[in-house]
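Going by my numbering, the first residue of the sequence shown is number 1468, and it counts up by one from there.
As structure tokens, the structure follows; a few thoughts come after it.
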Amino acid sequence: MEAECKSVHDPFYCHHQRGNFSRHFMSMKPAMIGAKAERRVLFPGPIVVGAGPSGLAVAACLKDKGIPSLIFERSNCIASLWQLRTYDRLRLHLPKRFCELPLLPFPSWFPTYPTKQQFVAYLEAYVRQFDIQPVFNASVVAAEYDAAAGFWRVRTVSSGGGSEKERTEYVCRWVVVATGENAEAVVPEIAGLEEFKGPVVHTSLYRRGDVYRNKRVLVVGCGNSGMEVSLDLCNHNAHPSMVVRDSVHILPREMLGRSTFGLSMWLLKWLSVKTVDRFLLLVARLVLGDTSKFGLRRPQLGPLELKSHSGKTPVLDVGTLAKIKSGDIKVRPAVRRIMEHGAEFADGTVEEFDVVILATGYQSNVPRWLQEREFFSEKDGLPRRPFPNGWKGRNGLYAVGFTKRGLLGASLDALRIAQDIELCCKTDENCR
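Okay, here's the thing in structure tokens:
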């Protein structure tokens, strides 16, 4: 087994390589390393798993403090969810001031709700600003804390230009999990789905509605993605029917000339969550009317209270509700079963469809590769402690992008993580 004690990115190499860290590393027994690793690499700073907005935010905050970091990204680009798995009409659902990453604001000329392309351009400028150099096409297949040595062992498989897979094990003091809540598409078990003769597409593969022109499309799911995809289909002369299985909060994107989110945050400075919820629902009723008339029942809990308890985000309407009211988008109850050319619903009705689109969301993939069950839940792959206490585990393990509070929550956690690692470097002799 080759044991390498070297920097991975020379521009980031620092004095942290010296001292106890190197001595512990060089004294580790081969049995600790794992038979499948071809190389062993000591990295002096934190290893960040994931080059989405959350991982980039952590890397920038660390760089600002002079701390090297190494980002592994399984895809071939930054923000792969945004670049490779989102529909073309996507915009930020919240105003840009609530979505900017630490240390770099959006350009002043960007609109209030930047497009997908503008957001990606902002992230690319962010990478250039802080000279962040992710390692692309590198999947972290295992990360485990070695209690005997006092370090993390992170195993990667890189698929570069050649056919051979390069396997490497990195030894480090800190691991930052930045793969987020949306790492893998969720494909639910629906009776008969495998029998359907037409295309079945998850929204992660949906780009625009023109390819479905004049098609009868069943959209399964009524969150923000399901609503926007249904609207996009309608705008391209498709015939969407949207499955609404559960109750859902729909709010106007703006209230009283301000963004609904911004207004909510402002009101919460003085009022309780329940009081703000009552206000939001009152204004929503005045602006949108009674949504239950169209098959869109509201939950018992208010939108902010429900978000706090379950993480379920209210839908911010961008025009879908008007199409539902006009009948251009049909609302259907839960699917009982899918048939060869259609679907049977919970109320017994049967309809024919040409395409099924699954707007069924995403999930964390952390339990698949992180060998740790105290900080992260094995059930859903999220930190067990809710925001704002879900950013730090034990033994140098951190999480960013799991707050269920979007980019704003991720930015707050990125700042906390960088500050904590900086403090460790100042007080821990292994960092010297």
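C-beta atoms are modelled at their ideal positions from N, C-alpha and C, and glycine is treated no differently.
Note that the structure is a prediction, hence the values are computed from the model and not measured.
Item, Value
"CB-CB length for K1871 against E1695, believed under 8 Å", "No, K1871 and E1695 are not in contact; Cβ-Cβ is about 19 Å, not under 8 Å."
"Range of the contiguous alpha helix (DSSP H) that encloses V1594", "1583-1596"
"Minimum C-alpha distance to S1671 - residue among K1530, T1579, Q1830", "Q1830"
"DSSP state of G1809 mapped onto helix, strand, coil", "strand"
"Same chain only: Cβ atoms within 6 Å of G1815, ignoring 5 sequence neighbours per side", "none"
"Where P1574 falls, given that 16 or more other Cβ within 10 Å makes a residue buried", "exposed"
"Same chain only: Cβ atoms within 6 Å of P1666, ignoring 5 sequence neighbours per side", "V1822"
"Opening and closing residue of the beta strand (DSSP E) in which C1639 lies", "1633-1639"
"Continuous beta strand (DSSP E) assignments of at least 3 residues falling wholly in the region 1528-1567", "1537-1539"
"Cβ shell of R1883 (< 6 Å), same chain only, five flanking positions each side left out", "W1858"
"Stretch pair the region 1701-1717 + the region 1673-1680: three plus CB contacts closer than 8 Å", "yes"
"R1620 - containing beta strand (DSSP E), residue span", "1618-1625"
"Pick from F1663, S1844, G1848, Y1554 that is closest to T1582, judged by C-alpha positions", "Y1554"
"The ligand NAP heavy atom lying under 8 Å from the CB of R1764", "With respect to small molecules bound, the structure shown includes none, and the ligand NAP cannot be examined in it."
"Same chain only: Cβ atoms within 7 Å of Y1593, ignoring 5 sequence neighbours per side", "L1523, A1527, L1568, L1571"
"Per-residue DSSP class, three states only, for V1754", "helix"
"Nearest residue (CA-CA) to I1805, options R1634, E1662, A1605", "E1662"
"Alpha carbon of M1499 to alpha carbon of G1533, nearest angstrom", "Low per-residue confidence applies at M1499: pLDDT is 41, beneath 50, and the placement is therefore not dependable, though the value from the model is reported in the following sentence. About 30 Å."
"Delimiting residues of the alpha helix (DSSP H) encompassing R1835", "1833-1836"
"Closest Cα partner of G1769 within the set L1825, L1548, G1724, V1715", "V1715"
"Same chain, Cβ closer than 7 Å to L1559, neighbours up to 5 away in sequence not counted", "C1566, Y1580, P1581, F1586"
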